[in-house]
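Residue numbers (the working numbering): -4 to 120. Quick reminder that beta carbons are idealized off the backbone N, C-alpha and C, glycines included. All values derive from a computational prediction rather than experimental measurement.
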Amino acid sequence: MNLSDTAILVADDLSDSERTLLELTATPAATLLGAVSMILRTTLFADEPAAWVDMWQARPDFARIEWLGGPELSDVVALLAAKDYEGQIEGVPGLRIGSCNDHTAKMHWLGSAVPVELQLTRQLS
């Protein structure tokens, strides 16, 4: 197969197994994790990087992010929450803060038909 052949590939070229796996993994929670990771890609790995980071979806409407060390939880929540500065959106559009303490936070993403809960946990050691 060469590059010109890829232009004619269509969804019908997916196997039943591929289609099933996509239905299980291409969820609103996965979309949210993609948006979050775009914003956090430098934050969690910058001046004081996290020792480790893990992101996963537990269900189509539930995602989690955990990290060890690195930025404070409140800083990450503030970075992720949607903010409108005179028409300029910062953070993840549709992501709202539910609750936050020193170690865990719960946020809600309104960017899909079914809201997605995002739980954040910062491990100290």
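Practice item. May I have the straight-line CA-CA distance separating L39 from P66, to the nearest angstrom? Key: As a position in the sequence shown, residue 39 is number 44, starting the count at 1. As a position in the sequence shown, residue 66 is number 71, starting the count at 1. Taking the straight line from one Cα to the other gives about 7 Å.
Practice item. Please report how far the alpha carbon of D79 lies from the alpha carbon of V71, in whole angstroms. Key: On the sequence shown, residue 79 is found 84 positions in, with the first residue counted as 1. On the sequence shown, residue 71 is found 76 positions in, with the first residue counted as 1. Using only the alpha carbons, I get a separation of about 17 Å.
Point to revise | Classification of Q118 by the beta-carbon crowding that lies within 10 angstroms, buried from 16 upward | key: Here the question's residue 118 lines up with position 123 in the sequence shown. Looking at its Cβ environment, which holds fewer than 16 other Cβ atoms inside 10 Å, Q118 is exposed.
Review point. What residue ranges within the stretch 40 to 89 form continuous beta strand (DSSP E) runs of no fewer than 3 residues, ordered along the chain?
Key: For the stretch 40 to 89, whole beta strand (DSSP E) runs of length 3 or above, ordered along the chain, are 45 to 54, 57 to 64, 78 to 80, 83 to 85.
**Study point:** Bounding residues of the alpha helix (DSSP H) (the contiguous stretch that carries T26)
**Key:** In the sequence shown, the residue the question calls residue 26 occupies position 31. Unbroken alpha helix (DSSP H) run through T26: 23 to 38.
Practice item. Determine whether the Cβ of W62 lies closer than 8 Å to any Cβ atom of chain D. Key: Here there is only one protein chain, and chain D is not present.
Exercise for review: Helix, strand or coil for L105, going by three-state DSSP, please let me know.
Suggested key: As a working note, residue 105 is residue 110 in the sequence shown. L105 falls in the coil class under three-state DSSP.
Check your understanding: With 16 other CB atoms within 10 Å as the buried threshold, where does A21 fall?
Key -> Counting from one through the sequence shown, the residue named residue 21 turns up at place 26. When all chains shown are included, A21 counts as exposed.
Review point. Less than 8 Å separating the beta-carbons of A100 and S107?
Key: Counting from 1 along the sequence shown, the entry for residue 100 is found at position 105. Counting from 1 along the sequence shown, the entry for residue 107 is found at position 112. Their beta carbons are not under 8 Å apart, which means A100 does not touch S107 by this criterion.
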